[in-house]
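To start, the structure itself, in structure tokens.
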Amino acid sequence: MQTPIAVKMENSLVVAATKKKVCNHLPNDIVLFILSKLPLISLKRFLCVSKSWSLLFKNTYFMNMLRNNILLNDDSYYDETFMVRYTPKYSERCNFYWLSDEGFANSVHLDWPSQFQEDYIHIFIVGSVSINGILCLKHGFTRTSQVVLWNPTTSETKVIPPSPIENRRPDRNPWHFLHGFGYDHVSDDYKVIQMIEYFPGYQGDMIWEDRSYDPSWEIYSLKTNSWKKLDIDMQNCYYYSPLQGNGLYADGVFHWWAISKLKNIEECMVSFDFSEEVMCTTLMPLNTDGGFDVGYVERHLVSLNESIALISKYKKESTFCISVLAKLGERESWINLFTVGPLLSMEYSNIVGMKNNTLFYRRDGELVCVDLKTQMIKELGVKGDRFHFHVGKYKKSFLPIRGIIN
Numbered sequence: 354m355q356t357p358i359a360v361k362m363e364n365s366l367v368v369a370a371t372k373k374k375v376c377n378h379l380p381n382d383i384v385l386f387i388l389s390k391l392p393l394i395s396l397k398r399f400l401c402v403s404k405s406w407s408l409l410f411k412n413t414y415f416m417n418m419l420r421n422n423i424l425l426n427d428d429s430y431y432d433e434t435f436m437v438r439y440t441p442k443y444s445e446r447c448n449f450y451w452l453s454d455e456g457f458a459n460s461v462h463l464d465w466p467s468q469f470q471e472d473y474i475h476i477f478i479v480g481s482v483s484i485n486g487i488l489c490l491k492h493g494f495t496r497t498s499q500v501v502l503w504n505p506t507t508s509e510t511k512v513i514p515p516s517p518i519e520n521r522r523p524d525r526n527p528w529h530f531l532h533g534f535g536y537d538h539v540s541d542d543y544k545v546i547q548m549i550e551y552f553p554g555y556q557g558d559m560i561w562e563d564r565s566y567d568p569s570w571e572i573y574s575l576k577t578n579s580w581k582k583l584d585i586d587m588q589n590c591y592y593y594s595p596l597q598g599n600g601l602y603a604d605g606v607f608h609w610w611a612i613s614k615l616k617n618i619e620e621c622m623v624s625f626d627f628s629e630e631v632m633c634t635t636l637m638p639l640n641t642d643g644g645f646d647v648g649y650v651e652r653h654l655v656s657l658n659e660s661i662a663l664i665s666k667y668k669k670e671s672t673f674c675i676s677v678l679a680k681l682g683e684r685e686s687w688i689n690l691f692t693v694g695p696l697l698s699m700e701y702s703n704i705v706g707m708k709n710n711t712l713f714y715r716r717d718g719e720l721v722c723v724d725l726k727t728q729m730i731k732e733l734g735v736k737g738d739r740f741h742f743h744v745g746k747y748k749k750s751f752l753p754i755r756g757i758i759n
């Protein structure tokens, strides 16, 4: 150790000078390691620091570290994986399971709450993660369809009353699409949002081309046990997919993927903030399709290490691309992380969920998974011709579902 040659006291601070020159340059490997540990929003912001940093996402060594860090820390918060198995016919019952162990070889069937014990009933879970142990369930699309908050850990339920808001288009049939369930951390309240679309009064199959593009929005508050209208203008152009795992809740905001039946309107992610009660959109990623045929693509939102991840499945190429979002509302902040494939028998498959480094999808009526690190495919032993699945993440909680304010 060098002996100091000068010591100076200034405001109780001791400044020591030595003969040894202090190095102000870190090795590049250490710099990349530190950057790979940063939150995505910080990492995206630091790209302007230098030319070499601006090319980080093209650096193979750095991207491998970033991928490994994201996969290593994913899902540390969640305890269980849930799965809903849907039959080909809407009139037949679906089933709820816990998936256990690392290989997901074992499954435990769990009964739906008492409000959904009828025969021949389809039940949708809003979103792909639980919120403080609570799942939001719905059956049907009419105003009087049953909506229930359910804690599988305690078996407690809370029935949400139907909206009393009257149909503003008496010449049309209203259909209620439950779009989001979330927690308002400002008012300490659980809320549900739904969109009402209006269709012609035809019998039998709906003619989607004749739908009305002037939907209305409503929001329910658990604290007040009441609904109210939302003043939201979405330019009347987006078609919202039915709820089968397409929604994602994260940090007080519910997100879902939206497409349009109008020309020249791009796909986007729609996000609803439960505290501010406002919406925003984030357009689909730029230049991440790698030359794939975008005319045959299916997109699905999942949670990946507390970040919003978009899975794009390209049918013709039998390939998945996974991008994560650094900043809400900024199209340029999508980061392409993984390209998985080509894989066998993907043309008629459907994305159903994700956990840890495992991506679940349906292949020829069978639930299979692929490890993102090794790209190895594993069959889970859950089979059935044309069956559909919804896989999500669950955190146990023994807290009660809070009700009406006295």
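Residues in the sequence shown are numbered from 354 upward in steps of one, following my numbering. The beta carbon of each residue, even a glycine, is placed where N, CA and C say it ideally should be.
Residue i vs residue j beta-carbon contact at 8 Å
| i | j | result |
| --- | --- | --- |
| S579 | V606 | no |
| V500 | I518 | no |
| S450 | F534 | Looking at the sequence shown, residue 450 is not Ser but Tyr. No, the Cβ-Cβ distance between Y450 and F534 is not below 8 Å. |
| S676 | G486 | no |
| F742 | R716 | no |
| E651 | M637 | no |
| W609 | H529 | no |
| I546 | P527 | no |
| S628 | D537 | yes |
| L424 | K726 | yes |
| S574 | K582 | no |
| I585 | K544 | no |
| C674 | S665 | yes |
| I730 | L696 | yes |
| E683 | T635 | yes |
Under the three-state DSSP convention, the category residue i falls into
| i | result |
| --- | --- |
| W406 | helix |
| Q499 | coil |
| Q597 | For Q597, the predicted structure reports a pLDDT of 46, less than 50, and the residue's modelled location is therefore unreliable. A value from the coordinates is still provided. Three-state DSSP puts Q597 in coil, outside helix and strand. |
| F645 | coil |
| Y747 | strand |
| K361 | Only weak support exists for where K361 lies, its pLDDT of 42 falling under 50; the coordinates are left without a value. |
| I675 | strand |
| V384 | helix |
| R684 | helix |
| N417 | helix |
| K726 | coil |
| Q547 | strand |
| I585 | coil |
| L379 | coil |
| C489 | strand |
| K526 | As written in the sequence, residue 526 is Asn, which differs from the Lys given in the question. The answer is strand: DSSP assigns N526 an E or B state. |
| I661 | strand |
| R398 | helix |
| N709 | coil |
| S483 | coil |
| S460 | strand |
| K511 | strand |
| R755 | coil |
| N689 | strand |
| I572 | strand |
| K666 | strand |
| N578 | coil |
| I478 | strand |
| S516 | coil |
Residue closest to residue i, alpha-carbon to alpha-carbon, out of the options
| i | options | result |
| --- | --- | --- |
| T510 | K491, L425, K411, W528 | K491 |
| G745 | K731, D724, V735, M707 | M707 |
| N504 | P515, S516, I484 | I484 |
| G480 | L654, I688, Y667 | L654 |
| N422 | C401, Y551, L385 | L385 |
| D541 | C674, T577, S671, T507 | T577 |
| G734 | I394, L639, Y543, G718 | G718 |
| Q728 | I754, I704, F691 | F691 |
| M436 | V705, S569, D724 | V705 |
| A679 | L388, P392, D382, P380 | P392 |
| Y414 | S389, Y431, Y649 | S389 |
| H462 | H475, N448, Q470 | N448 |
| L712 | L663, K669, K668 | L663 |
| N689 | S403, R398, L419 | L419 |
| D432 | I394, I476, V482 | V482 |
| L720 | I394, H378, S403, Y439 | Y439 |
| S508 | L657, S516, S671, C489 | C489 |
| Y659 | I394, Y667, S498 | At residue 659 the sequence reads Glu, which differs from the Tyr that was named. Cα-wise, what sits closest to E659 is I394. |
| K669 | F645, C401, E630, L657 | F645 |
| I754 | T434, E471, N703, L502 | L502 |
3 or more residues per run - each beta strand (DSSP E) lying fully within the region 601–633: 606–613, 621–626
Stretch pair the region 410–421 + the region 462–478: three plus CB contacts closer than 8 Å: no
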